[in-house]
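Enquirer: Take a look at this one; I'll ask things after.
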Amino acid sequence: MKIFVVFALYFVAAGASPLGSTSDTPEPVRTQNTPAVSIHDTTTSIPILRQELGINNGSFINNFETGHGIVVNESGSQKQIGDGSGTVSSGAFSFTNPEGAVITVNWVADENGFQATGDHLPTPHPMPEHVVKMLADMEAAALHAISTIP
215 MKIFVVFALY
225 FVAAGASPLG
235 STSDTPEPVR
245 TQNTPAVSIH
255 DTTTSIPILR
265 QELGINNGSF
275 INNFETGHGI
285 VVNESGSQKQ
295 IGDGSGTVSS
305 GAFSFTNPEG
315 AVITVNWVAD
325 ENGFQATGDH
335 LPTPHPMPEH
345 VVKMLADMEA
355 AALHAISTIP
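Counting in my numbering, the sequence shown runs from 215 upward without gaps.
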């Protein structure tokens, strides 16, 4: 019985002791000294030199040019596609890259998706002659097979 009382007192004493800090003050915030960085506001307004926006009976045109060389031209109209209709648009935009070269992208967006072209865009290598000939032979053989079906 004495052992039971001793263990009970031991557990009561252990449970009553604080596990951490008893202070109600929060832990200090740790800061890291970093060198000050000077930030200068370098944003300046870029003027719009030219802007044309027109919407007329299912078609639109949007052209503008900025003071730092961005030029955008686009136009579009509604087109009957099957039982529905969709918008077909085309245009071009150009800007000067950091190296000073003018980059121009011409594009079309229609039922075939968005297609962009430009001298700076990668293009696939041309197919070798033997592949072109093989594809032509396969197409001719398929047409011949279809035409000889009774």
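Heads up, the beta-carbon is just placed ideally off N, CA and C, and yes, glycines get one too.
Cutting at 7 Å between CB atoms, please list the residues of its own chain near PHE274, excluding the five before and the five after it.
Expert: GLY268, SER289, GLY290
Enquirer: What first and last residue would you give for the alpha helix (DSSP H) that runs through ILE360?
Expert: 343-361
Enquirer: Please identify the residue among VAL302, MET352, VAL319 whose C-alpha is closest to the C-alpha of THR310.
Expert: VAL319
Enquirer: According to DSSP, simplified to helix, strand and coil, what is SER259?
Expert: Looking at SER259 - three-state DSSP - the assignment turns out to be coil, as it is neither helix nor strand.
Enquirer: For the candidate residues PRO338, ASN326, HIS358, whose alpha-carbon lies nearest to that of SER304?
Expert: The shortest Cα separation from SER304 among PRO338, ASN326, HIS358 belongs to ASN326.
Enquirer: Give a yes or no on whether the C-beta atoms belonging to GLY300 and ASP324 are separated by under 9 Å.
Expert: yes
Enquirer: What residues in its chain sit with their C-beta under 8 Å from that of ILE295, if we drop five residues either side in the sequence?
Expert: GLU325
Enquirer: Have a look at GLY272, THR331, THR280, VAL286 and flag the residue whose alpha-carbon is nearest the alpha-carbon of VAL302.
Expert: GLY272
Enquirer: By Cβ distance, which residues of its chain are closer than 6 Å to PHE307, with the 5 residues on each side in sequence left out?
Expert: VAL286, VAL319
Enquirer: Going by DSSP, what residue range makes up the beta strand (DSSP E) through GLU279?
Expert: Element bounds for GLU279: 273-280.
Enquirer: Taking the alpha-carbon positions, what's the HIS282 to ALA330 distance?
Expert: 23 Å
Enquirer: Put ALA306 into one of helix, strand or coil per three-state DSSP.
Expert: Three-state DSSP puts ALA306 in a strand.
Enquirer: Going by C-alpha to C-alpha distance, which of ALA350, ASN270, ALA315 sits closest to GLN292?
Expert: ASN270
Enquirer: GLU325 by DSSP, collapsed to three states: which one?
Expert: coil
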